[in-house]
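Residue numbers (mature numbering (1 follows the signal peptide of the UniProt record, and there is no 0)): -31 to -1, 1 to 323. In this text, a Cβ means the ideal position worked out from N, Cα and C, and glycines have one as well. It should be emphasised that the depicted structure is a prediction, and the values quoted were computed from it without experimental measurement. Each remark here refers to the structure printed beneath this line.
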Amino acid sequence: MKIMTTKLGLLIGACASGLLGVQAVSNVVYADDHAHKSTIERLQQDMPNNWGRWGEDDQIGALNYLDAEQARRGNAAVKSGKVFTLQLPMTHGVGPVFPGRVPTMHFMSQDEGLYSTNKLEPLAGGVKYSDDAVFMYLQGTTHVDALGHAWYADKVYGGVSSESTVHGHDHVDVGVLGNHGVVGRGVLLDVGKHKGGSVGRLAPSSCVTLADLKATAAAQNVTIEKRDILLIRTGSIARFYQENPDAPWDAMTEPGLCYSHDLIEWIDDMEIPFIASDNLAVELVPQDIDGETLVIPLHGALMRDLGVVLSELYWLDDLAADSASDGQYSFLFTAAPLKMARGSGSPVNPIVIK
């Protein structure tokens, strides 16, 4: 009982640390929220919207594009059969997380230590076993965001009231994405290599534009096709793991996509269902738009309005190195979020087969 009490105390402490972190980041990032709360609504008022496109009961948004034909198209991209897993390591107390969250904590509730100190007896016949548990934010490692994870104007995707998020998502939770899965033709866009010079990664606070995506695809000699799954490498996440990096890792200055009407309209026209990146938010977190600072505006434009699923904290360096070597930047992409009922996100270990 003493062991479990100690661990419970650590979990409570972790929750408290997370809440303090939320308060701290709110002072920096959300200080002007009241002044800008309607800015994204104004920017998006004449932009594409997929509410009702797949019926009133739609819960998966642009994942509706990923049907059997798209799975076959992804399979057709497989050439060598090489497999890459894209999840970051889950290590106790270590990992890049968004401000306000804490890294995963892993606890052994049963191990040889209990047997060797005679606190636990082997099972009948002599077999022993271990048991463990984790405390983690569902977006505390490589993860998929639920469509209800971000919203504005008091409506989540589909026009449902944001009150549906209270005490867990009643609408567009991550579990429905887990029921569908993500399978299709993926394309890696190594913007970090294309624009990052000799270091092969983008500088902090760099904007990735639609022109950058197109130029990167052209440089890689790969065609972005309708309904492709996009993996965007900035090179940023490697800073977290490397010693003495050329620039420090900072959650608020990670390079990423930047809001523009051209980008949103292109994503809509191309029927892009799923966008992933090697950073915390896919997009640059605070962005200057027409002289105003907006925080994660593309989460509102893409997830809330178009139903495009965002997925973050990918490890893309190994895939990028192999693709640079063999010139193949398209592949079969698969990912299965956990069927976490009412969840805002889910850990995921995406798999690419080339």
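Assigned exposure category for residue i - 16 Cβ within 10 Å defines buried
{"i": "V96", "result": "exposed"}
{"i": "G276", "result": "buried"}
{"i": "Q28", "result": "buried"}
{"i": "L263", "result": "buried"}
{"i": "A46", "result": "buried"}
{"i": "D2", "result": "Any reading at D2 is ruled out, since the residue's pLDDT is 49, under 50, leaving its predicted position unreliable."}
{"i": "Q211", "result": "exposed"}
Residue interval of the alpha helix (DSSP H) (run including residue i)
{"i": "Q39", "result": "37 to 45"}
{"i": "F209", "result": "207 to 210"}
{"i": "Q13", "result": "8 to 13"}
{"i": "T203", "result": "Unbroken run through T203: none, as it is neither H nor E."}
{"i": "E81", "result": "81 to 85"}
{"i": "E132", "result": "That residue, E132, is in no alpha helix (DSSP H); it is neither H nor E in DSSP."}
Contact set for residue i: own chain, Cβ-Cβ below 7 Å, skip 5 residues either direction
{"i": "P306", "result": "V113, V143, L146, G147, S315, V317"}
{"i": "S229", "result": "T178, L179"}
{"i": "R170", "result": "G161, T203, G204, S205, A207"}
{"i": "C176", "result": "C227, L253"}
{"i": "G166", "result": "none"}
{"i": "H118", "result": "M272, S313, G314"}
{"i": "I121", "result": "The sequence shown places Tyr at residue 121, not Ile. I9, E10, G269, R273."}
Beta-carbon proximity of residue i to residue j, cut-off 9 Å
{"i": "K323", "j": "V52", "result": "yes"}
{"i": "E261", "j": "T8", "result": "yes"}
{"i": "R273", "j": "M239", "result": "no"}
{"i": "I193", "j": "L182", "result": "yes"}
{"i": "T60", "j": "L282", "result": "no"}
{"i": "L55", "j": "P242", "result": "no"}
{"i": "D295", "j": "S130", "result": "no"}
{"i": "Y298", "j": "L158", "result": "yes"}
{"i": "V125", "j": "A220", "result": "no"}
Residues near residue i in its chain [Cβ-Cβ closer than 8 Å; skip 5 each side]
{"i": "G24", "result": "none"}
{"i": "D287", "result": "F53"}
{"i": "A(-8)", "result": "Low confidence applies to A(-8): its pLDDT is 40, below 50, so where it sits in the model is not reliable, and the reading given next is rough at best. These residues qualify, in order along the chain: P68, G69."}
{"i": "I258", "result": "T8, L12, Y228, P266"}
Chain-order list of residues whose beta-carbon lies under 6 Å from that of residue i (same chain, five-residue window excluded)
{"i": "R311", "result": "G137, H138, D142"}
{"i": "S174", "result": "T222"}
{"i": "P319", "result": "L55, A304"}
{"i": "D80", "result": "S99"}
Minimum Cβ-Cβ distance from residue i to chain C less than 9 Å
{"i": "V160", "result": "No chain C appears in the structure shown, which is made up of a single protein chain."}
Limits of the unbroken beta strand (DSSP E) element including residue i
{"i": "L301", "result": "299 to 304"}
{"i": "L158", "result": "151 to 159"}
{"i": "A102", "result": "100 to 104"}
{"i": "D257", "result": "255 to 258"}
Identity of the residue in the options nearest residue i by Cα
{"i": "Q189", "options": "A172, H163, C176, T203", "result": "H163"}
{"i": "A245", "options": "I236, I198, S49", "result": "I198"}
{"i": "L32", "options": "A115, L267, G296, T73", "result": "A115"}
{"i": "Y98", "options": "Y106, F104, L89, M105", "result": "L89"}
{"i": "L285", "options": "P255, L301, Q256, N248", "result": "N248"}
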